[in-house]
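Data block below; observations after.
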DNA sequence: GACACGTGCTGAATCGAGTCAGTGCAGCAT
DNA sequence: ATGCTGCACTGACTCGATTCAGCACGTGTC
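Protein chains in written order, with UniProt numbering: chain A, 1 to 357; chain V, 1 to 357.
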């Protein structure tokens with residue numbers, strides 16, 4: 001089979017016996033204003049079908065200065081969950097509006113960041129989503145300031161751009177509410193502490209927890225500071241347990257902290273949830289892998305990605321902060337001693353049940 | 001600041017006092033053949049600098065039918081590790097050659113797959129990388145057959161396209177070699193079994209393990225079949241341990257299986273690695289999260305992504321299968337009873353040590 | 001002084017679309 | 001016959017680049 005030239009609009013027009021202009025009007029749905037007869041319109045449409053014509057988007061882009069393409073600039077370094085879920089949501093939302101996603105991973109290098117933004121602007125992307133792994137306060141590069149852009153998982157107090165973030169405060173409250181409903185609101189500690197001064201998720205989650213507990217009359221008992229990862233959590237919790245504390249429940253600021261906490265509790269001879277209830281934040285695959293499965297306040301990654309795309313493509317969207325609700329991923333890590341109902345659902349497993357490799 | 005028009009080549013030419021043709025020759029490095037004087041060339045370059053000129057890639061694409069863009073079609077549904085690492089490698093390799101990555105997640109839907117490929121071809125991508133989550137035998141859509149395309153993590157025995165895959169066979173051998181070197185080659189079992197009939201990674205890993213063990217004179221003791229996930233592995237291994245087996249070492253076909261195996265061994269009162277050595281495949285973040293850290297044969301995701309991009313952009317690349325080596329991620333899950341040296345390195349933690357949220 | 005040749009540059013066509021400003025024609029009133 | 005109106009369509013320009021073919025202007029040769 002020889003490499004055949006792509007079908008052009010001119011070919012369609014020739015086959016339909018009309019001018020390119022007429023064919024163009026038909027394809028753009030302008031045939032009404034332009035008074036194209038139904039019969040001619042039909043001839044053009046048939047020609048399109050018969051020839052399998054598809055618009056050449058490069059030509060279209062040149063003419064219209066729009067590419068139906070969205071750039072996503074991210075700093076993720078080696079992260080699985082957030083990146084892939086967010087891109088999945090963004091990709092699906094983009095597809096629903098006939099757009100494609102162009103990615104640029106900067107690996108945290110500001111020079112690369114600027115280079116990638118320039119590359120995207122050269123390619124006339126219709127807008128840029130600027131996203132960070134850590135929920136944080138940032139300063140976006142100047143190139144983004146005067147364009148269509150949306151911040152995802154971060155905010156810039158200076159730039160006048162829309163931002164999309166999880167509703168961390170409400171998430172914190174709902175974590176505490178789960179514990180309170182289970183009757184485990186008495187001696188609640190938070191595990192984790194914000195290390196990055198620009199990060200904003202941790203303080204908001206803690207604030208939500210504190211508010212809900214205070215409202216119930218059982219203030220937060222304390223905070224176990226640690227870096228947000230498995231081993232630091234294991235070590236911090238192990239050291240803390242050695243001080244003869246008797247927690248009823250622990251709120252872990254992410255799922256990895258919870259995993260380290262599970263390990264420390266097991267080593268200390270404590271059972272989850274009968275001795276200590278655990279609830280955490282993320283709702284990652286990891287939550288479903290632990291025994292018992294972790295009850296976790298899910299970060300709606302895919303929804304955030306989709307919302308960012310929709311906001312970017314909506315010309316009427318205001319430049320405000322949008323908060324996406326965090327939902328509860330039910331596991332078995334919260335005691336049901338005093339009648340907490342897990343709503344009857346099985347622990348959701350974020351699709352892991354289908355994963356093979 | 002008013003929205004100012006992008007600088008065009010014509011503006012550069014005007015400022016330098018030359019024609020667009022001349023300016024174009026300078027920018028394309030064709031000035032030598034075209035005999036542009038050094039002085040004129042310098043004037044053009046200055047004008048470019050002063051005006052901050054950047055080529056309009058839409059125009060360029062129309063003219064040259066090339067976009068410096070690579071499409072990546074993937075079926076990942078909710079997977080973290082593979083997707084993000086692979087895209088990171090691909091993105092970096094693409095950037096090194098002045099290309100950007102356009103992504104299309106099909107979520108396994110063949111209709112979406114075709115739609116996304118068409119969208120990419122409309123946008124004149126320079127090539128397409130077709131990748132699957134499960135290492136498997138596939139049939140690529142007809143649209144890819146006659147174009148520049150590379151298969152990643154899959155092969156199509158019919159299409160004449162290059163493919164990039166991990167070297168599973170050698171990976172299997174090196175897993176067995178680690179056990180043999182540790183003196184744990186006596187009663188070795190494999191945990192996991194391929195469920196998907198098109199999947200090819202499992203059988204190759206097992207074959208590699210068998211070969212290496214057979215060569216050492218200690219044939220594989222058996223296989224514990226299970227679905228490739230945490231809970232199925234936990235259950236299968238728990239049931240298997242109840243049959244009074246006495247394994248020296250277990251080869252888990254992925255890290256999630258290893259996690260379930262850890263849980264089952266712990267429940268059965270067996271210690272890793274003093275009672276049983278464990279080695280697995282993936283080398284994901286999870287390996288570093290377990291206690292003791294898992295020794296795992298790493299799938300070189302980022303390298304695979306980069307290699308796919310390089311193969312795609314190399315016009316002289318043959319349409320053969322490229323195997324990327326699997327490297328060892330050292331943990332503490334293999335007994336060092338008989339002097340196995342972990343090469344002195346600390347367990348590598350795939351960047352997790354820096355992750356915050 | 002005619003001609004060839006090398007040098008340094010430019011005019012105009014081209015890629016494949018969108019779109020403004022007509023244009024030709026039929027039918028009708030004057 | 002002339003002018004007007006409405007209908008159905010089209011010519012030509014434009015987007016911003018690349019690139020072929022060629023043009024002026026020395027300079028050297030005979």
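Note that CB positions come from ideal geometry on N, CA and C, so glycine has one too.
- Listed in chain order, the positions of the region 269-298 of chain V with a beta carbon within less than 7 Å of a beta carbon of chain A are 285, 289, 291.
- Annotated three-state conformation of residue 315/V is coil, per DSSP.
- Here residue 177/V carries a helix assignment [DSSP, helix/strand/coil].
- Annotation: the continuous alpha helix (DSSP H) that includes residue 20/A extends over 20-27.
- Using a CB distance cut-off of 8 Å, residue 261/A does not count as an interface residue toward chain V.
- Listed along chain A are 54, each with a C-beta nearer than 9 Å to that of residue 118/V.
- With respect to residue 164/V, residue 324/V sits close: the two C-beta atoms are nearer than 8 Å.
- At least one CB of chain A lies nearer than 8 Å to the CB of residue 122/V.
- Nearest Cα to residue 44/A within the set 327/A, 16/A, 209/A, 87/A: 16/A.
- Just measuring C-alpha positions, the residue of 242/V, 116/V, 218/V, 310/V sitting nearest residue 187/V is 218/V.
- Inter-residue distance for residue 166/V and residue 307/V is about 11 Å (C-alpha atoms, whole angstroms).
- Residue 224/A sits away from residue 172/A, with the two beta carbons spaced by 8 Å or more.
- For residue 144/V, the closest of 327/V, 40/V, 20/V, 73/V by C-alpha to C-alpha distance is 73/V.
- When C-beta distances to chain A are compared with 7 Å, the residues of the region 96-111 of chain V below that value are 100, 101, 102, 103, 104, 105, in chain order.
- The Cβ-Cβ distance between residue 154/A and residue 192/A does not fall below 8 Å.
- Secondary structure note for residue 200/V: it is in no beta strand (DSSP E), with a DSSP letter that is neither H nor E.
- Going by DSSP, residue 282/V is part of the beta strand (DSSP E) stretching over 277-282.
- A direct Cα-to-Cα measurement between residue 159/A and residue 140/A gives close to 7 Å.
- For residue 71/V, the enclosing beta strand (DSSP E) begins and ends at 69-74.
- Counting only runs of 3 or more residues that sit fully inside the region 218-303 of chain A, the beta strand (DSSP E) segments are 222-224, 249-252, 277-282, 295-298, in chain order.
- Counted as a single uninterrupted DSSP element, the stretch harbouring residue 47/V is not any beta strand (DSSP E) but the alpha helix (DSSP H) occupying residues 38-51.
- Exposure of residue 239/V is indicated by the presence of fewer than 16 other C-beta atoms within 10 angstroms of its C-beta.
- For the 8 Å CB-CB criterion, residue 327/A and residue 300/A form a contact.
- 54, 55, 56, 57, 58, 59, 61, 62: these are the residues of the UniProt domain "HTH lacI-type" (7-64) of chain A whose beta carbon lies less than 8 Å from some beta carbon of chain V, given in chain order.
- A direct Cα-Cα distance of roughly 39 Å separates residue 114/V from residue 201/A.
- Your pair residue 75/V and residue 108/V checks out as a contact, with CB atoms roughly 5 Å apart and the cut at 8 Å.
- Annotation for residue 123/A: no residue places its beta carbon closer than 6 Å to its own, counting only its chain and skipping 5 residues before and after.
- Pairing residue 51/V with residue 7/V gives a Cβ-Cβ distance under 8 Å.
- Under the three-state reduction of DSSP output, residue 163/A falls in the strand class.
- Here the alpha carbon of residue 241/A sits roughly 28 Å from the alpha carbon of residue 230/V.
- The contact set of residue 67/A on chain V, defined by CB atoms closer than 8 Å, consists of 58, 123 in chain order.
- In this structure, residue 287/A places its C-beta atom within 8 Å of the C-beta atom of residue 294/A.
- According to the DSSP assignment, residue 89/V belongs to the alpha helix (DSSP H) that extends over 81-96.
- Within chain V, the C-beta atoms nearer than 8 Å to that of residue 91/A come from 103, 104, 105, in chain order.
- Here residue 324/V is bridged, per DSSP, to 166/V.
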